[in-house]
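Visitor: Take a look at this one; I'll ask things after.
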Amino acid sequence: MKKRPYQICVSGAAAGATVEKSAKLAYLIGHEIATQGHVLLTGATVGLPYHAALGAKAAGGVSIGFSPASNYREHVKLYKLPTDAIDFINYTGMQYVGRDNHLVHSSDAVITVGERIGSLHEFATAIVGHKICGVLLGSGGTADFIPTVVDRIDVRGKEGIIYDNQPARLVKRIIEALDDHYADFKDPTDDIERQMHAKSPDTNREG
Numbered sequence: 074m075k076k077r078p079y080q081i082c083v084s085g086a087a088a089g090a091t092v093e094k095s096a097k098l099a100y101l102i103g104h105e106i107a108t109q110g111h112v113l114l115t116g117a118t119v120g121l122p123y124h125a126a127l128g129a130k131a132a133g134g135v136s137i138g139f140s141p142a143s144n145y146r147e148h149v150k151l152y153k154l155p156t157d158a159i160d161f162i163n164y165t166g167m168q169y170v171g172r173d174n175h176l177v178h179s180s181d182a183v184i185t186v187g188e189r190i191g192s193l194h195e196f197a198t199a200i201v202g203h204k205i206c207g208v209l210l211g212s213g214g215t216a217d218f219i220p221t222v223v224d225r226i227d228v229r230g231k232e233g234i235i236y237d238n239q240p241a242r243l244v245k246r247i248i249e250a251l252d253d254h255y256a257d258f259k260d261p262t263d264d265i266e267r268q269m270h271a272k273s274p275d276t277n278r279e280g
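So, in structure tokens, the structure goes:
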């Protein structure tokens, strides 16, 4: 089967102390996602997700943002969110809580960096939605408290959460987990592509 890119969300604080502390870490995660040939998803916002988007674009990757706004004008004027470092913006019109839900469920995996309450909501949505979850330890905020939180409450799937303190290694482990998840999946479009290729004329022959 031809390997298709995964959609990996980077969830992190848009403001606060962890932005300055972990900006480089978020950048490295975005850079590694793109380097590995996958697509970065963010909340089309400032702070750590923005730094992840910068990293993805620096590596020549694709960055997709999910905005709480209904359109470009609202995105810029009302929410005061960036448009650079993003190849495509999905204007959800769902405000922040609805946007978070749409973003997470459009992702194959969610990586948490830093974190405030909004990112904690995204993490909770991801774990309840049976997404592959990664947490960058040492990035500050509630990200560093997630192991304690999930240890003290009944969270289904918590044994599958991937913790690491190295951005590149965390991304690689996430991709390996996704490869395992899709190991038994056969994409029907692969057969269609093979059939189309077999029927296409041989343009390399002489005469």
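Residue 206 in our numbering sits at position 133 of the sequence shown; the count goes up by one each step and never skips.
Just so you know, even glycine gets a beta-carbon here, dropped at the ideal spot from N, CA and C.
Which of helix, strand or coil does DSSP assign to Tyr236?
Guide: Along the sequence shown, read from residue 1 onward, the residue named residue 236 stands at position 163. If DSSP states are grouped into helix, strand and coil, Tyr236 belongs with the strands.
Visitor: Thr156: buried (16+ other C-beta within 10 angstroms of its C-beta) or exposed?
Guide: If you number the sequence shown from 1, residue 156 lands on position 83. Exposed.
Visitor: May I have the straight-line CA-CA distance separating Ile184 from Leu114, to the nearest angstrom?
Guide: Position 111 of the sequence shown holds residue 184. Position 41 of the sequence shown holds residue 114. Going by the C-alpha atoms only, they are around 10 Å apart.
Visitor: Give every residue of the same chain whose Cβ lies closer than 8 Å to the Cβ of Gly202, excluding the five residues on either side of it in the sequence, and list them in chain order.
Guide: On the sequence shown, position 129 is the one that residue 202 refers to. Around Gly202: Val177 and His178.
Visitor: How is Gly230 classed by DSSP in three states: helix, strand or coil?
Guide: Here residue 230 corresponds to residue number 157 of the sequence shown, with the count starting at 1. Residue state, collapsed to three classes: coil.
Visitor: So, does the segment 86-93 touch the segment 156-168, judging by three or more C-beta pairs under 8 Å?
Guide: The segment 86-93, when compared against the segment 156-168, does not touch it at the 8 Å Cβ threshold.
Visitor: Between the C-alpha atoms of Ile102 and Val83, what's the straight-line distance to the nearest angstrom?
Guide: The residue given as residue 102 occupies position 29 in the sequence shown. The residue given as residue 83 occupies position 10 in the sequence shown. Taking the straight line from one Cα to the other gives about 8 Å.
Visitor: According to DSSP, simplified to helix, strand and coil, what is Thr185?
Guide: Taking the sequence shown and counting its residues from 1, one reaches residue 185 at position 112. Correct three-state label for Thr185: strand.
Visitor: Could you give the distance in angstroms between the alpha-carbon of Glu147 and the alpha-carbon of Ala129?
Guide: Locating residue 147 in the sequence shown gives position 74, where the first residue counts as 1. Locating residue 129 in the sequence shown gives position 56, where the first residue counts as 1. Straight-line Cα distance between these residues: approximately 25 Å.
Visitor: Pro122 to Met167, Cα distance in whole Å?
Guide: Residue mapping note: residue 122 aligns to position 49 of the sequence shown, counting from 1. Residue mapping note: residue 167 aligns to position 94 of the sequence shown, counting from 1. About 19 Å.
Visitor: Enumerate in chain order the residues of its own chain whose CB-to-CB distance from Ser180 is below 7 Å, with the five nearest sequence positions on each side excluded.
Guide: Along the sequence shown, one-based indexing puts residue 180 at 107. Same-chain partners within the cutoff: Gln80, Ile81, Cys82, Leu114 and Lys204.
Visitor: Mapping DSSP to helix, strand and coil, what is Thr156?
Guide: On the sequence shown, position 83 is the one that residue 156 refers to. Reduced to three states, the DSSP call for Thr156 is coil.
Visitor: With contact counted as at least three CB pairs below 8 Å, one residue from each stretch, are the segment 125-142 and the segment 220-237 in contact?
Guide: No: the two stretches stay apart, fewer than three of their Cβ pairs being nearer than 8 Å.
Visitor: Around the Cβ of Gly213, are there at least 16 other Cβ atoms within 10 angstroms (buried) or fewer (exposed)?
Guide: Translated into the one-based positions of the sequence shown, residue 213 becomes position 140. Its Cβ being crowded by 16 or more others within 10 Å, Gly213 is buried.
Visitor: Measuring CB to CB, does Pro78 end up less than 8 Å from Val112?
Guide: The residue you call residue 78 lines up with position 5 of the sequence shown. The residue you call residue 112 lines up with position 39 of the sequence shown. Taking 8 Å as the Cβ cut-off, Pro78 and Val112 qualify as a contacting pair.
Visitor: Can you give me the C-alpha to C-alpha distance between Thr262 and Lys76, rounded to a whole angstrom?
Guide: The residue labelled residue 262 in the question sits at position 189 within the sequence shown. The residue labelled residue 76 in the question sits at position 3 within the sequence shown. Straight-line Cα distance between these residues: approximately 12 Å.
Visitor: For the alpha helix (DSSP H) containing Tyr169, name the first residue and the last one.
Guide: Against the sequence shown, residue 169 aligns to sequence position 96. Start and end: Gln168 to His178.
Visitor: For Gln239 and Leu209, I'd like the C-alpha separation in whole angstroms.
Guide: If you number the sequence shown from 1, residue 239 lands on position 166. If you number the sequence shown from 1, residue 209 lands on position 136. Gln239 and Leu209: Cα-Cα distance of roughly 7 Å.
Visitor: Is Ala107 buried or exposed, if buried means 16 or more other CB atoms sit within 10 Å of its CB?
Guide: Within the sequence shown, the letter at position 34 stands for residue 107. So Ala107 counts as buried.
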